[in-house]
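Residue numbers (the working numbering): 79 to 455.
Working notes, structure below.
Okay, here's the thing in structure tokens:
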């Protein structure tokens, strides 16, 4: 692991998720921009001293020289560091698990996706919500035509944690997220809007044709957007509306997806993740429970406990790690991956996310050309 050291929320989530199914062991790391603090953290995690590195360059050099080198490296650092780290790892022959967005700039995302494709290295991107069983169930039911042709997609990701200028009060997580040099051009749209965009496309299978966006910065002195409304036009005629906000008071993590077709609709709410609501045309509303016998193969592959025993965010994140492990093993063994190793977010999805953010900002800034087509859809 690179980054994710002392006090880093997402690093601990990665470690918990990786351990949950026994598919991974954390054996090496460069955990902090302060080399000594990173080494001390590594030792506290039970990592051997000779695999507790001060920098990611030292990690690459040290692991490359070992017969028992690591199988993959997780990048848990701010956006602007993703590209140089992932590029160096891929060129050294390592598979990569990367936090989203894939990179801070579109140019870097294009180059990284191309490098991963040409080298055959696996690059998994942690779009967490595609790890939930009922999200896969929704995807399977849309693909099976249960709600007919998709007409409208409504997706939102509201948070409240940045409703005040906490970046000016010593909050380091907020500080780099509001710094264009470290975060990239998009604020809320890059940090959480990419999650919503990926979720909508993952479930529906729709490809974006064009978008128009309205960004807002409500907190005075903030350099990037903290609220975004985006209208979406999909290939084939479907329409969508995406809302992301870091200043929506009363929302802790309100990810919500609704998909409306000409024969019915589906609704999923991340804070009630074990249920999927199916509403057929002229039929009874059905609440589908995770763990039911008639679930799809993809949903079953990501389910650990029966209905009534809730599974949530950590399990969804762990499903990604379990899937990444299966995809890497299958590639090495020359076989097709099992269900849990399919339909994973990879570098191609990461590129689409960065292209989406770029198009949103371009649309907002170009008053004379509101509808923008991303280069990668």
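Yeah, the Cβ is synthetic: ideal placement off N, Cα and C, and Gly gets one too.
Across the structure, residue 158 and residue 247 are spaced so that their CA atoms are roughly 22 angstroms apart. Taking C-beta separations shorter than 7 angstroms and ignoring five residues to either side along the sequence, the partners of residue 424 in its chain run 201, 202 and 203, following chain order. For the pair residue 238 and residue 326, the CB atoms are nearer than the 8 angstroms cut-off. The beta carbons of residue 163 and residue 153 sit closer together than 8 angstroms. In the three-state reduction of the DSSP assignment, residue 261 falls in the helix class, which pools H, G and I.
In the three-state reduction of the DSSP assignment, residue 143 falls in the coil class. When C-alpha distances from residue 312 are compared across 186, 454 and 192, the shortest belongs to 454. Annotation: the continuous alpha helix (DSSP H) that includes residue 404 extends over 391-411. If you draw a straight line from the Cα of residue 127 to the Cα of residue 449, it is about 54 angstroms long. Counting of Cβ neighbours within 10 angstroms places residue 259 among the exposed residues, the total staying below 16. Residue 276 and residue 427 do touch by the CB rule: their CB atoms are close to 6 angstroms apart, below 8 angstroms.
Below 8 angstroms, enough C-beta pairs join the segment 112-124 and the segment 132-152 to call them touching: three or more. DSSP places residue 238 outside both helix and strand once states are collapsed to three, so it counts as coil. In the three-state scheme derived from DSSP, where H, G and I count as helix and E and B as strand, residue 433 is classed as helix. In the structure shown, the three-state DSSP call for residue 367 is strand. Per the C-alpha coordinates, the member of 442, 105, 196 and 434 positioned closest to residue 271 is 434.
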